[in-house]
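Visitor: Here the sequence shown is numbered in my numbering, starting from 7 and rising by one per residue. Glycine is no exception: its CB is placed at the ideal position from the N, C-alpha and C atoms. Here the structure is a predicted model, which is why all the values come from computation and not from measurement.
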Amino acid sequence: MSAPVHIVEADLERADHQRDVVALTAAYALDPMGNGGPLSEETLARLIDGLKNHPTTLIFLAYVDGEAVAIATCFRGFSTFHAKPLINVHDLAVLPAHRGRGIGRQLLGRVEMAAREIGCCKVTLEVQEDNAAARHLYKECGFAQAVYGKPAAGALFYSKPL
7 MSAPVHIVEA DLERADHQRD VVALTAAYAL DPMGNGGPLS EETLARLIDG
57 LKNHPTTLIF LAYVDGEAVA IATCFRGFST FHAKPLINVH DLAVLPAHRG
107 RGIGRQLLGR VEMAAREIGC CKVTLEVQED NAAARHLYKE CGFAQAVYGK
157 PAAGALFYSK PL
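1. Let me know the secondary structure DSSP gives Val153 once reduced to three states.
2. Counting along the chain, where does the beta strand (DSSP E) carrying Ile13 start and finish?
3. For the region 37-88, list the beta strand (DSSP E) runs that are entirely contained and at least 3 residues long, ordered along the chain.
4. Please confirm if the region 13-32 is in contact with the region 82-89, defined as three or more CB-CB distances below 8 Å between the two stretches.
5. Hey, out of Gly56, Gly72, Gln134 and Ala74, whose CA is closest to Met39's CA?
6. Among residues of its own chain, excluding the 5 on either side of Arg111, which ones have a beta-carbon nearer than 8 Å to its beta-carbon?
7. Which class does Leu18 belong to by DSSP, given the choice of helix, strand or coil?
8. As a quick exercise: from Ile77, Leu98 and Ile54, pick the residue whose alpha carbon is nearest that of Arg20.
9. Is it true that the CB of Leu45 sits closer than 8 Å to the CB of Ala33?
10. Tell me which same chain residues have a C-beta within less than 8 Å of the C-beta of Thr71, skipping the five on either side of it?
11. Nearest by alpha-carbon distance to Ala161: which of Pro167, Ala150 and Leu168 is it?
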């Protein structure tokens, strides 16, 4: 039987949570479905202050036997079409050795619970088109490609690096 998963909202004033956020973000960046390579030392050094200074940061950490094994880095947003807040899952990552145990599903459940607590109209996320495992998880958790009206096609996420 697997050890229980303990999920907490990260407190970015705590040194242990800071360490775990940086470590899990760095690990996710190495994954081909993340950044596909390491983050710079400069980026890692700025990460915690940047997250602390961003007013809508919401992070959940998953622990197994006291070890940080997964992260959901989220940001609060706002839906003009519903006039309500939303939560966007920016990063959802489970360390490879802990995948397939339902930890990602539990993290998404905790994000949804937080969204309901603050009266959000939805939870959003982006996923790489070729990330079949993540797309399967998101579909099982009730996510689908956004469509905003019958004449419109599905929404796509675009990015313009600056």
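Guide: Short version:
1. strand
2. Unbroken beta strand (DSSP E) run through Ile13: Val11 to Glu15.
3. For the region 37-88, whole beta strand (DSSP E) runs of length 3 or above, ordered along the chain, are 63-70 and 73-85.
4. In short, these stretches do not touch, since the Cβ pair count stays below three.
5. Gln134
6. Leu143, Glu146 and Cys147
7. coil
8. A check of alpha carbon separations from Arg20 across Ile77, Leu98 and Ile54 identifies Ile54 as the nearest.
9. When the beta-carbon positions are compared, Ala33 and Leu45 stay at least 8 Å from each other.
10. A small fix is needed here, since residue 71 is Asp in this sequence, not Thr. For Asp71, where only same-chain residues beyond five positions count, the Cβ hits under 8 Å are Ala9.
11. Ala150
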